[in-house]
Amino acid sequence: MGHYDIQQVCLNGHQVTANYSSSPEFRRDFCATCGEKTITRCPSCNHHIPGEYQVSGAFYVGTTDTPEYCEHCGAAFPWTEKKSKLISSSLKASSVSNDYFGLVKKICSRFHLVANQLKTRHSNRESLVISDEYDVQDLLHALLHIYFDDIRPEEWTPNGFVE
């Protein structure tokens, strides 16, 4: 029967070692990735964070995941709360500023208004006529540049087409 070694993790969730007891040479007081303090016990209940499962005479190849919650008391580890806050704040930011599909939908749903406006110009100037699908593509291409940086022209000859 095997046993779990102890895992050492920084407060940001970077694993320092999954073999704290059996390989003391890998112990660190601070994380080499971010410089944060490291822990080996749950801050809520003081139980060890389980590391690599070790069986005498067996060789294990792989990684040990860093747990999100303590298996003894169910409390979230400090890195779990930090990750949750980071994810929720980035989701809020991306939903406000990065709704790309919404922007494209809005441009397409109002495209006819732009096309009609080009027919009616100030001081009886000559109108900009949209006469075929290529004019529509050019206008849409120009409008997409308002919101997006990487707008590429349509390939006039499909890839792989050989005459």
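Sequential numbering of the sequence shown, starting at 79, is according to our numbering.
We put the beta carbon where it would ideally sit given N, CA and C, even for glycine.
Which residue spans inside the stretch 154 to 228 form an unbroken alpha helix (DSSP H) run of at least 4? 156 to 175, 178 to 187, 189 to 197, 211 to 222
Residue span of the beta strand (DSSP E) that contains residue 82, given as start and end: 81 to 84
I need the boundaries of the beta strand (DSSP E) containing residue 94, first residue and last residue. 93 to 95
Could you tell me which of 231, 205, 80, 200 sits nearest to residue 135, measuring between CA atoms? 80
What residue range is occupied by the uninterrupted beta strand (DSSP E) comprising residue 128? 128 to 132
Determine the closest residue to residue 111 out of 93, 195, 127, with distance taken between C-alpha atoms. 93
Skipping 5 residues on each side, what residues in its chain have a beta carbon closer than 8 angstroms to that of residue 138? 130, 131, 132
Straight-line gap, residue 257 to residue 190 (C-alpha atoms, nearest Å): The displayed coordinates of the chain run from 79 to 241. Any statement about residue 257 would go beyond what the structure contains.
Spatial neighbours of residue 229 within its chain, please: CB distance less than 7 angstroms, with the 5 preceding and 5 following residues excluded, ordered by chain position. 219, 222, 223
With a threshold of 16 other CB atoms inside 10 Å of the CB of residue 140, please say whether the residue is buried or exposed. exposed
Reference residue 183; option with closest CA among 225, 124, 164: 225
Of all the options 126, 181, 196, 142, which has the alpha carbon lying nearest to the alpha carbon of residue 205? 196
Alpha carbon to alpha carbon, how far is residue 192 from residue 203? Give it in angstroms, no decimals. 16 angstroms
With distances taken between CB atoms, is the gap from residue 142 to residue 91 smaller than 9 angstroms? no
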